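S.K.: One structure is given below, represented as structure tokens, and several questions about it will come after.
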Amino acid sequence: MIMQNRGNSSTRFFEISRLIAENFIHTVVAIDDEMGFEYQANRTTDFQLDEPSGSPLGTPERSEIDDNTKLNNPLNYQNLSKYFAEKSIVCSGLKPLEGDSYVDNTTDAIFKLSKKADITILDWQMEKVNAELGLIATKAIEKIIESDVENNGRLRLILIYSGEKLETICDNLAARLSTYNLIRDIPNEINFSDEKLRLCKIVFISKNDDEEKLASKAIDLFTEMTYGLLSNATLAGITEIRERTHNLLYKFNKSLDPAYLSHVLSLISSPDMREQAYQVAFDYAVDLISEEIKSELQISKKVKKSLDQDALLEWPNHINPRNNQQKIRIKIGSHNHIFLDSPRLSGLLSATSESLQEVLDRTPVFPNDDGSSNLDTFKKSLVQLSIDGDSLNEHLELSVLQCIRRDNITLNNHIPVLKQGVILRKDDDFYVCIQPLCDSVRLRGLNSFAFIKVKKGKSKFSHVLKNIDNTYTKLEISKPTSKQLCMIVFNACDEDNVVKATKINDQQIFKCNSENSYIWCGEFKQPIYQEIVNLVSSSLSRVGFDSFEWLRMRKS
């Protein structure tokens with residue numbers, strides 16, 4: 001996929017994505033021991049003149065230096081920062097630190113700078129005489145990657161800008177990183193198959209390229225890591241939030257502090273709320289801020305443009321530039337899939353009520369159910385688009401994003417608390433907590449919690465969880481009834497007055513008073529669990545009574 005994307009870099013979709021990436025990239029950090037800080041005119045590629053040949057006067061022949069020749073072109077910070085500045089990108093430069101511990105101190109400085117940098121550029125050889133070549137760069141990269149893994153990964157682009165033979169130093173670094181699952185299918189590049197490092201890329205670039213080419217390649221490579229419909233929208237959204245930061249701070253300014261503290265004091269004044277006053281006030285503040293951010297994103301022109309019709313119509317040509325007739329497939333309901341070429345998919349994405357039938361009738365014709373037209377079948381059936389084979393996991397992943405607020409993968413060091421929306425598992429049974437939030441705090445001793453008991457879904461399911469091993473669990477909760485209600489008793493924590501999990505063997509465990517253990521699987525998002533609670537409530541509100549059967553049947 002990466003090789004294919006690189007070949008597509010000239011497509012219109014790539015250009016759209018590159019502009020989004022340019023707007024997103026905020027900081028670049030470059031480290032080189034021979035970094036120059038005075039502006040220089042563009043240097044040309046090193047070459048040598050061979051003996052004259054051809055015409056009587058002779059013609060100088062350009063001969064590029066090969067990979068075995070070491071280039072000694074120091075990185076010019078002034079030039080590099082100038083090219084990034086033209087894109088409104090901040091570029092900072094650093095030389096290795098001095099002193100006996102310069103290797104460790106420089107490594108630590110690179111690590112700290114990289115925490116805030118979108119792109120990190122490192123010279124390979126920054127050591128003093130008689131020191132191991134590449135030691136600083138290698139130690140810094142090892143430390144950065146180790147930190148990324150501990151924090152569940154992040155978007156990370158590291159460029160090694162070197163005059164050494166690229167293949168050799170790439171092999172050297174790969175050997176040091178061999179404990180990670182490396183992907184070496186592109187020359188002079190290291191990628192990772194590990195889930196936590198799948199957005200990490202290390203690329204080796206020759207100092208044969210000047211600073212302008214280096215800056216341009218850096219943006220191209222960053223774009224290759226991020227371009228896609230939803231990823232573009234995410235970058236555009238984060239960019240919008242960055243640019244609106246001052247506006248948000250203007251709304252949530254320090255003059256509101258007395259009002260916020262009045263809220264805190266009012267909570268403290270209530271005996272029932274006193275112990276949880278700070279947490280309740282914190283949740284209130286988070287809701288205010290997140291709703292304001294959501295409001296900004298909903299009207300953002302940048303975000304809308306990243307997912308407008310123009311972007312969607314360019315996507316088929318981007319994903320299938322050679323118009324492979326068997327790359328894109330679509331499955332309608334239970335019918336066998338059919339293949340779509342790029343123009344036909346674009347036609348579907350731009351279809352109107354008048355043109356849709358014509359697109360469906362092209363060869364291969366869209367399927368139809370017995371007694372229905374292909375247009376009616378298309379309207380009422382499940383639609384699943386796939387690229388290069390089955391894409392069920394991708395559909396399940398998007399379902400997880402819709403349903404789940406947090407799970408074992410995204411939990412980090414947070415200790416789960418039992419409350420409305422929490423999903424527990426015991427053996428093959430799952431339990432969704434529907435206890436009102438106000439009845440999940442200020443607890444002492446034993447407390448009964450309300451749950452609905454649900455089963456795993458098969459072909460039919462309504463909600464999806466992601467497991468710690470990156471597999472998926474499907475649940476069927478589309479019509480919960482009072483028959484699925486159950487009560488489980490848990491003991492509250494004396495210190496926090498809530499029911500908290502205990503971590504045992506990498507699992508978050510809730511123990512009830514009967515010594516049964518329930519495994520924490522995740523927590524539904526508020527609209528999701530609220531819908532479940534509403535369905536259960538409507539089931540409970542039904543009234544049953546004896547009536548004249550003849551009259552009852554007249555109603556239907």
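Sequential numbering from 1 applies to the sequence shown in full-length UniProt numbering.
Yeah, the Cβ is synthetic: ideal placement off N, Cα and C, and Gly gets one too.
Source: prediction; values computed, not measured.
Consult DSSP for residue 85 and reduce its assignment to one of helix, strand or coil.
M.R.: helix
S.K.: Smallest Cα separation from residue 154: which of 225, 236, 502, 325?
M.R.: 225
S.K.: Can you check which of these residues, 181, 311, 217, is closest to residue 230 by C-alpha distance?
M.R.: 311
S.K.: Between 384, 430, 247, 87, which lies nearest to residue 220 when the distance is taken from Cα to Cα?
M.R.: 87
S.K.: Would you tell me roughly how many angstroms separate the C-alpha atoms of residue 234 and residue 303, rounded to the nearest one?
M.R.: 8 Å
S.K.: In whole angstroms, what is the alpha-carbon distance linking residue 164 and residue 124?
M.R.: As the crow flies, the alpha-carbon of residue 164 is around 8 Å from that of residue 124.
S.K.: Indicate, with yes or no, if the ligand ZN has a heavy atom lying under 7 Å from the CB of residue 210.
M.R.: The model on display carries no ligand, and the ligand ZN is accordingly not part of it.
S.K.: Please report the straight-line C-alpha distance between residue 75 and residue 160, rounded to a whole angstrom.
M.R.: 12 Å
S.K.: With a threshold of 8 Å, are at least 3 pairs of Cβ atoms found where one atom belongs to the stretch 398-413 and the other to the stretch 358-373?
M.R.: no
S.K.: Provide the residue span of the alpha helix (DSSP H) that contains residue 13, from first to last.
M.R.: 12-24
S.K.: Assign residue 263 to one of three DSSP states: helix, strand, or coil.
M.R.: helix
S.K.: Which one of 94, 128, 508 has the shortest CA to CA distance from residue 112?
M.R.: The shortest Cα separation from residue 112 among 94, 128, 508 belongs to 94.
S.K.: Flag this pair as touching only if the stretch 508-523 and the stretch 421-434 have three or more C-beta atom pairs under 8 Å; answer yes or no.
M.R.: yes
S.K.: How big is the Cα-Cα spacing for residue 384 and residue 477?
M.R.: 22 Å
S.K.: Touch check for the stretch 326-338 and the stretch 272-291: three-plus C-beta pairs under 8 Å?
M.R.: no
S.K.: So, residue 30 versus residue 223, is the Cβ gap smaller than 8 Å?
M.R.: With contacts defined as CB atoms closer than 8 Å, residue 30 and residue 223 fail to qualify as a contacting pair.
S.K.: Which whole-angstrom value is the C-beta distance of residue 484 and residue 454, which I expect to be below 8 Å?
M.R.: That pair is a contact at about 7 Å.
S.K.: How long is the line joining the alpha carbons of residue 144 and residue 265, rounded to whole angstroms?
M.R.: The C-alpha of residue 144 lies about 43 Å from the C-alpha of residue 265.
S.K.: Compute the beta-carbon to beta-carbon distance between residue 24 and residue 239, rounded to the nearest angstrom, for a pair I have assumed lies under 8 Å.
M.R.: 5 Å
S.K.: Do you know how far the Cα of residue 521 is from the Cα of residue 394?
M.R.: 20 Å
S.K.: Going by DSSP, name the residue or residues bridged to residue 431.
M.R.: 424, 453, per the DSSP bridge assignment.
S.K.: Quick test of your reading: residue 183 and residue 158, contact by CB under 8 Å. State the CB separation rounded to the nearest angstrom.
M.R.: Incorrect: roughly 15 Å between the Cβ atoms, too far for contact.
S.K.: Rounded to whole angstroms, what is the Cα-Cα separation between residue 15 and residue 218?
M.R.: 15 Å
S.K.: Return helix, strand or coil for residue 171, following the three-state DSSP convention.
M.R.: helix
S.K.: Taking the alpha-carbon positions, what's the residue 491 to residue 296 distance?
M.R.: 42 Å
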